[in-house]
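Quick note: the sequence shown uses this note's numbering, first residue 30, plus one each step.
What follows is a set of notes on a single structure, which appears directly below.
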Amino acid sequence: MAVAAYKGTVINGQIVLDEDVKLLEGALVYVIFPDYEPHQLSPKKDIDNSDDNA
């Protein structure tokens with residue numbers, strides 16, 4: 030799997046990247062929050078225990 034990292038910020042609840050990014054239809058995207066505050070985010074899928082990895 031190819032991996033690329035892009036920096037961005039959240040503005041009005043939307044992720045805004047620092048540059049334009051074009052993805053293929055159906056591309057798999059993971060988002061990492063370095064300053065994660067559990068009470069501020071909606072429930073997330075646990076990617077370590079997802080059915081896709083079975």
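Glycine included, C-beta positions come from ideal geometry on N, C-alpha and C.
With a contact defined as Cβ atoms closer than 8 Å, residue 35 and residue 50 qualify at about 6 Å. At the C-beta level, residue 37 and residue 44 come within 8 Å of one another. Between the alpha carbons of residue 67 and residue 42 lies a gap of roughly 15 Å.
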